[in-house]
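Novice:
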Amino acid sequence: LCSYLELGSLIGLDMHTDRTLELIEREQFVFGKHLKTDWNFPKVHLWKHVVWYIWNKGAGHNYSMWPNKKMHSSLKDVYQDCSNGKDIVVQV
Numbered sequence: 010l011c012s013y014l015e016l017g018s019l020i021g022l023d024m025h026t027d028r029t030l031e032l033i034e035r036e037q038f039v040f041g042k043h044l045k046t047d048w049n050f051p052k053v054h055l056w057k058h059v060v061w062y063i064w065n066k067g068a069g070h071n072y073s074m075w076p077n078k079k080m081h082s083s084l085k086d087v088y089q090d091c092s093n094g095k096d097i098v099v100q101v
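Read in order, the letters of the sequence shown correspond to residues 10 to 101 in the numbering used here.
What follows is the structure, given as C-alpha cells:
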C-alpha cells in the first residue's frame, strides 16, 4: 500500500524533472516486486507506461477524460431533446 501511494503521489506532481522521473521508475520497480502479478488492470497498467507518457505529453494533470465527458454532455442533451432514440440515422 505504501508503495502504491508513493507512486500515485509522484505521478500526480504538477511538474516533473529528470529526478522525479527517475524516482517514479525506481518506485515502479518496488511496486512491481510487491505486486507479483500481471500489471494488466486499468490504473496500474497505465502506470507501467507513465514515464513515457510524461516525457511525450507532459504531467498527468494536463490531460484526462473529464473535460471530454463534460463536452459530450451537451451533445447528449441535444440528442435526447431532438430524438426518440429510434431510427437515429433517419433523424440526423
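Backbone N, C-alpha and C define an ideal beta-carbon position, used for all residues, glycine too.
Since this is a predicted model, take the numbers as computed values, not measurements.
Nearest to Gly17 by alpha carbon, out of Glu31, Lys45, Val53 and His43?
Specialist: In the sequence shown, residue 17 corresponds to position 8, counting from 1. It is Val53 whose Cα lies nearest to the Cα of Gly17.
Novice: For Gly21, does the three-state DSSP call read helix, strand or coil?
Specialist: Position 12 of the sequence shown, counted from the first residue, corresponds to residue 21. It is coil, neither helix nor strand.
Novice: How many Å lie between Lys42 and Glu36 at the Cα?
Specialist: Locating residue 42 in the sequence shown gives position 33, where the first residue counts as 1. Locating residue 36 in the sequence shown gives position 27, where the first residue counts as 1. Each residue's alpha carbon lies about 10 angstroms from the other.
Novice: With Leu32 as the anchor, note down where its alpha helix (DSSP H) starts and where it stops.
Specialist: Here residue 32 refers to the residue found at position 23 when the sequence shown is read from its first residue. Its alpha helix (DSSP H) spans residues Asp27 to Leu44.
Novice: Should Trp56 go down as buried or exposed, given a rule of 16 or more other Cβ atoms within 10 Å for buried?
Specialist: Within the sequence shown, numbered from 1, the residue matching residue 56 stands at position 47. So Trp56 counts as buried.
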